[in-house]
Amino acid sequence: MFGVDEHVADLAAGGGVLALLAVAVLLGLRHATDPDHLAAVSALIAGDSAEGARRSGRLGLAWGAGHGTTITLFGIPIVVLDAYLPEPLQIGTEMLIGLLIMALSLRLLVRWRRGRFHAHDHQHDGRHHTHLHPHKGAKEETHDHGHAKPLRTMGGSFGVGLLHGVGGSAGIGVLLLAAIPDHAVGITALVLFALFTAFSMGLASSLFGRFLAGRRARHRSGFAAPALGVFNLAFGAWYALGALGAVPYAF
C-alpha cells in the first residue's frame, strides 16, 4: 500500500536470515491495515458491537487466522514453485472480496434498520451498563437485560477470513517474500507473515470494539452504524469494480 511494503522489504537488503524474518513480521503487521481488510472487519465487528472489545478481538483474531491460513496454503506454491493462480481466477477472487465487503455492510445496515443499535443506559448487578437493544416500538417500556447470543460466530469469522485470504494470496507481501532465494527461509518468513497478520488484525479489532463499547460511541451508534455501513458498501463496490479494471484502485 503506497509503496510501504517495498520500503519495509528494503530494510533486509544486505542482511541475513534474521533480517529477512524481521521484515516478514513487519509486513504481517502492516498487511492487516489494508483498506479491504479494515472494511471487512469493521463491518463484521460493528454488526455485533454489543459484545465489546474482548469478543471483537476474538472475532478479528479468528478472521486473521482464516486469512493467514489461506495465505500460507496458497503462498507456499508461490514461494517454492513460483506458481500462481490463473489470472482470471485472481480477478474473480478479488471481485468476490468486494462482494463480501458489500454483504457484510448490508448486514450491518439491515441490523441498524431493524433497531439493533438502540442504546439504553441502566443499572443491574450494582453496575452501570450501556447496552444496545432492538427497539421494538414506542410503546415498549421495558428492555430485556439479557445478553443476546451474537449472530456472528468464531467459525463464521474464520470462514470469512479464509475466503478473503484467497484474494490476498498473491498480495505484495507474499510476492516480496517469494523473492527470497532460500525456500526454507521463504516458507518460514511466509508463516511469520501470516501469524502476525492474524495478531495485528485481532489487536485492531479489539481496539475498534473497545471504541464501540464506550458509552459515548454507543449513544452515537444510531448515526455511526449507517455511516459505516454506507461507506463500506461503497468501498466494496469500488473494490469489486477495481478488480474488473472498470475503475482505478489506488491501494
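Residue numbers (numbering that gives the first Met the number 0): 0 to 250. Glycine included, every Cβ here is placed at the ideal spot set by N, Cα and C.
Kindly indicate which residue of the options has the alpha-carbon position closest to the one of residue i.
{"i": "Val3", "options": "Arg29, Ser205, Val16", "result": "Arg29"}
{"i": "Tyr238", "options": "Asp9, Pro34, Ala21, Gly27", "result": "Pro34"}
{"i": "Ala64", "options": "Leu80, Arg209, Ala197", "result": "Ala197"}
{"i": "Val173", "options": "Phe73, Pro87, Ala45", "result": "Phe73"}
{"i": "Ala203", "options": "Ala23, Ser55, Leu19", "result": "Ser55"}
{"i": "Ala42", "options": "Thr71, Leu107, Val16, Leu88", "result": "Leu107"}
{"i": "Gly114", "options": "Ala236, Ala233, Phe234, Pro225", "result": "Pro225"}
{"i": "Pro180", "options": "Leu227, Asp81, Ala193", "result": "Asp81"}
{"i": "Ile186", "options": "Gly244, Ala102, Thr68, His36", "result": "Thr68"}
{"i": "Pro87", "options": "Gly166, His36, Gly160, Thr32", "result": "Gly166"}
Which same chain residues, not among the five before or five after residue i, have their C-beta less than 7 Å away from its C-beta?
{"i": "Ala242", "result": "Ile90, Glu93, Met94, Gly97"}
{"i": "Thr152", "result": "none"}
{"i": "Gly59", "result": "Val40, Ile44, Met200, Gly201, Ala203, Ser204, Ser205"}
{"i": "Trp111", "result": "Ala224, Pro225, Gly228"}
{"i": "Arg57", "result": "Met153"}
Determine, using beta carbons only, whether residue i and residue j come nearer to each other than 7 Å.
{"i": "His66", "j": "Gly154", "result": "no"}
{"i": "Asn231", "j": "Ala38", "result": "yes"}
{"i": "Ala177", "j": "Ile75", "result": "no"}
{"i": "Arg195", "j": "Gly27", "result": "Inspection of the sequence shows that residue 195 is occupied by Phe rather than by Arg. Yes."}
{"i": "Ala262", "j": "Leu175", "result": "For residue 262 there is no data in the structure shown, the boundaries of the chain being 0 and 250."}
{"i": "Ile100", "j": "Gly235", "result": "yes"}
{"i": "Val190", "j": "Val16", "result": "no"}
{"i": "His6", "j": "Val79", "result": "no"}
May I ask you to report which of helix, strand or coil DSSP gives residue i?
{"i": "Met238", "result": "Correcting the residue identity first, residue 238 is Tyr in this sequence and not Met. In this structure, Tyr238 counts as helix in the three-state DSSP scheme."}
{"i": "Thr71", "result": "helix"}
{"i": "Lys135", "result": "Only weak support is given to the placement of Lys135: the predicted model assigns it a pLDDT of 49, under 50, and the value that follows is read from those uncertain coordinates. Looking at Lys135 - three-state DSSP - the assignment turns out to be coil, as it is neither helix nor strand."}
{"i": "Ile179", "result": "coil"}
{"i": "Arg29", "result": "helix"}
{"i": "Leu206", "result": "helix"}
{"i": "Arg57", "result": "helix"}
Kindly list the residues whose CB is nearer than 8 Å to the CB of residue i, restricted to its own chain and excluding five residues on each side of it in sequence; keep chain order.
{"i": "Leu10", "result": "Ala18, Ala21, Val22, Leu25"}
{"i": "Leu240", "result": "Gly97, Val246"}
{"i": "Val229", "result": "Ser104, Leu108"}
{"i": "Val159", "result": "Ala39, Leu43, Trp62, Gly65, Leu99, Leu103"}
Can you list, in chain order, the residues of its chain with a C-beta nearer than 6 Å to that of residue i? Leave out the 5 residues immediately preceding and following it.
{"i": "Tyr248", "result": "Gly241"}
{"i": "Ala193", "result": "Gly67, Ile70, Thr71"}
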